[in-house]
Structures are given as C-alpha cells and as structure tokens.
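**Q**
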Amino acid sequence: MHHARTGQGQYVEVPMFETMVAFTMTEHMGGNGFSPSIGPAGYARLLKGGRKPTPTRDGYLALLPYTEKHWEAFFTALGRKDLFQKYDLSNRHERNKRIHELYADLRSVTVNFLSSELMQLCRNLDIPVTQIYSIDNIHEHEHVQSVGLFEENDHPTEGRVVSIRPTTLFSKTPSKLEKPAPNIGEQTEEILFELGFDQDFIKKASSKQKHD
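Numbering (the numbering used here), first residue to last: 136 to 347.
1. Taking the straight line between their C-alpha atoms, what separation do you get for K183 and L256?
2. Any idea what DSSP makes of T189, helix, strand or coil?
3. Could you say if the segment 210-226 and the segment 261-279 meet the contact criterion of at least three C-beta pairs nearer than 8 Å?
4. So what's G194 in DSSP terms, helix, strand or just coil?
5. Would you mind giving the Cβ-Cβ distance between R230 and Y238, rounded to the nearest angstrom? I have them listed as a contact below 8 Å.
6. For my contact list, R300 and K311 are in at a C-beta cut-off of 8 Å; report their separation, rounded to the angstrom.
7. By alpha-carbon positions, which one of M160, V279, I262 ends up nearest to Y268?
8. Taking just the CA atoms, how far does L249 sit from K187?
9. Just to confirm my understanding: we take M224, look at its own chain, exclude 5 residues before and 5 after, and list those with CB closer than 7 Å. What are they?
10. Go to R233, then tell me how far its beta strand (DSSP E) extends in each direction, as first and last residue.
11. Can you have a look at F158 and say buried or exposed, based on whether 16 or more other CB atoms are within 10 angstroms of its CB?
Here is the structure:
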C-alpha cells in the first residue's frame, strides 16, 4: 500500500523471537492485559491441560467435541450417554473443573473404535476431527495432496526424487522448483564466476577440487 501510494520501497523486518512471543501471548495475556496487572498471565482453561491425541484401535486422532451438543451427540452415538450425564456437560464451568477425568473417559471409549469409524461419525455430527500424521505419512494428508506440496521429478543422476515446492503463492509471479539439487561441486565454477572471480582462479580452484 505504501509503495502504491508513494512509489517508495521500505525496509521490512520480521524478527523471529518477537513474532513468536506475540503469537503465543495473544491468548495468554490474562491479568497482564491490564496495567497494573490484575492477576496471573495465561489462558486458564488451556493451561489446565486435558486435551491430547485421542487413541483409537489403529492410531490417534485430534478430536474436539466442544459444545454441549457435540458431547451429547458423540457419547450418545457410541452408546455412552451415561458419561454425558456423569460430567454435567450441559454446564461448561462444571465440565471444565473435571476436564482431565472427562478426557480420560473419552479416551477409554475411543480406543475401542477404528480411526475411520470415528472420523466418519464426527463428520456426521459436525465435530472437529482430523487424523494425526507423522513425518512418515504427512505426504498422505488429503489437503497436502490436493495442493501438490510434494512434487516428483526426475533427477539427472539420482533417478526419481521427491521435493517440497515453495509454499508461498504469487498470482503474477508464481515460484517453482527451477533446477534439481546439484551434485557435490557441480556448480562450483558457475558460483565463483557469479561472485566475480577471474577464470585463472576458477580453473585453479576447480583443479584442486577434482584433485582432492
């Protein structure tokens, strides 16, 4: 916007530490959101814990019944409406007081079902859920596949390889993987030339590299 209005560019700094502090503290200011402070920092509900990956017969899910309607529908569908009544899930404040017990009971129920069964159930009940992926199978994630994050290409010497494309999208100047990863020393001369070294130096450097 500044460039469009003035024709001027500007220096942009995105400091990692300050950015992470700001990202984290947005929901954890608590009493420190006032001056002077009126209480401790932190989002109390989140800091109490309780939520964690939900085990199933064949893996884990990130499963989040959130509202009274979610909890009742979920436990009822699995034949455990008694748990809805046990924790008075119609009362959010009472529910949060026993959140660790509640999620322990939730996990004791879900471990009897396949991930696919619970995924379909939650989708039918409009309950947030997703499979938990590892670094070994994240490439199988439905969204990752739909956006083509992992690309297969032929490497001149290594055969078929898988690379990760740039994630930032530009509508007018899209970025892409231009060249395959070079072999050791493959681009030494090219890089030295771009850095301004003369041909004699480049030949000597290349000769020494080949000798070594």
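Cβ coordinates follow ideal geometry from the N, Cα and C atoms, glycine included. It should be emphasised that the depicted structure is a prediction, and the values quoted were computed from it without experimental measurement.
**A** So, to answer that:
1. Position 48 of the sequence shown holds residue 183. Position 121 of the sequence shown holds residue 256. One Cα belongs to K183, the other to L256, and the distance between them is close to 28 Å.
2. In the sequence shown, the residue the question calls residue 189 occupies position 54. Looking at T189 - three-state DSSP - the assignment turns out to be strand.
3. Output reads no: the segment 261-279 does not touch the segment 210-226.
4. For the purposes of this step, residue 194 is taken as the residue at position 59 of the sequence shown. Three-state result, G194: strand.
5. Looking up residue 230 in the sequence shown gives position 95. Looking up residue 238 in the sequence shown gives position 103. About 11 Å; that fails the 8 Å criterion.
6. The residue labelled residue 300 in the question sits at position 165 within the sequence shown. The residue labelled residue 311 in the question sits at position 176 within the sequence shown. In this structure R300 touches K311 by the C-beta definition: roughly 7 Å separates them, less than 8 Å.
7. In the sequence shown, residue 268 corresponds to position 133, counting from 1. That would be V279, whose Cα lies nearest to the Cα of Y268.
8. Mapped onto the sequence shown, residue 187 falls at position 52. Mapped onto the sequence shown, residue 249 falls at position 114. Taking the straight line joining both Cα atoms gives about 18 Å.
9. If you number the sequence shown from 1, residue 224 lands on position 89. In the sequence under discussion, the amino acid at residue 224 is Leu, which differs from the Met named in the question. The beta carbon of L224 sits closer than 7 Å to the beta carbons of E203, W206, E207, R230 from its chain, once the five residues preceding and following it are set aside; these are given in chain order.
10. Residue numbering aside, residue 233 sits at position 98 when the sequence shown is read from its first letter. Note, R233: premise wrong, no beta strand (DSSP E); not H, not E.
11. Counting from one through the sequence shown, the residue named residue 158 turns up at place 23. The residue is exposed, with fewer than 16 neighbouring Cβ atoms inside 10 Å.
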